[in-house]
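Under our numbering, the very last position in the sequence shown is 894; numbers go up by exactly one each time. The C-beta atom is built at its ideal place from N, Cα and C for all residues, glycine as well.
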Amino acid sequence: MQTYYYVLASRKFLVEEEPLEEVLKERRRHYQETGKEIDFWLVSEPAFLTAPELSPQRNQCPQPAAAIISTNPQFIQWLKLRLEFVITGEFQAPSATIPDPIATAS
Numbered sequence: 789m790q791t792y793y794y795v796l797a798s799r800k801f802l803v804e805e806e807p808l809e810e811v812l813k814e815r816r817r818h819y820q821e822t823g824k825e826i827d828f829w830l831v832s833e834p835a836f837l838t839a840p841e842l843s844p845q846r847n848q849c850p851q852p853a854a855a856i857i858s859t860n861p862q863f864i865q866w867l868k869l870r871l872e873f874v875i876t877g878e879f880q881a882p883s884a885t886i887p888d889p890i891a892t893a894s
């Protein structure tokens, strides 16, 4: 099982109100230049929020939600500092309640 880290917010906040596209493009470019494999994903309406153990986070976040999921905790911490008004957390997957860590709920 792998640990996944995330920043979670309303889709409107992450996609429309924050310069997220620019941030992710810059990060992708940095990874390409350093030969690092991409370890982050932008997921609209993330399915991991349907897991019972994550119901507090689901209830705290305005819907529809979006998340940036990564296996790199430092990247998620950096995003938290940059974006401020987001929820952060982690989960283990694949599991019985989260079979696919980057799946969408719709």
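Which residues in the same chain have their Cβ closer than 8 Å to the Cβ of residue i, if we skip the five residues on either side of it in sequence?
i	result
P834	Y794, L796, A853, A854, A855, I857, I890, A891, T892 and A893
Give me the residue from the options with the minimum Cα distance to residue i.
i	options	result
P807	F879, D888, P887 and E872	E872
F801	S832, T822 and Y819	S832
S883	K868, N860, P840 and I864	P840
P850	I875, L869 and R870	I875
P844	E878, H818, Q865 and V811	E878
Kindly indicate which three-state DSSP category residue i falls into: helix, strand or coil?
i	result
E806	coil
A835	helix
V873	It should be noted that the sequence gives Phe, not Val, for residue 873. In this structure, F873 counts as coil in the three-state DSSP scheme.
I826	coil
I856	strand
Q851	coil
S894	coil
For residue i, which residues of its own chain have a beta-carbon under 6 Å away from its beta-carbon, when the five flanking residues on both sides are left out?
i	result
L837	R846
L830	I856
Would you mind stating whether residue i and residue j have Cβ atoms separated by less than 8 Å?
i	j	result
Q880	M789	yes
T859	D827	yes
R870	V803	no
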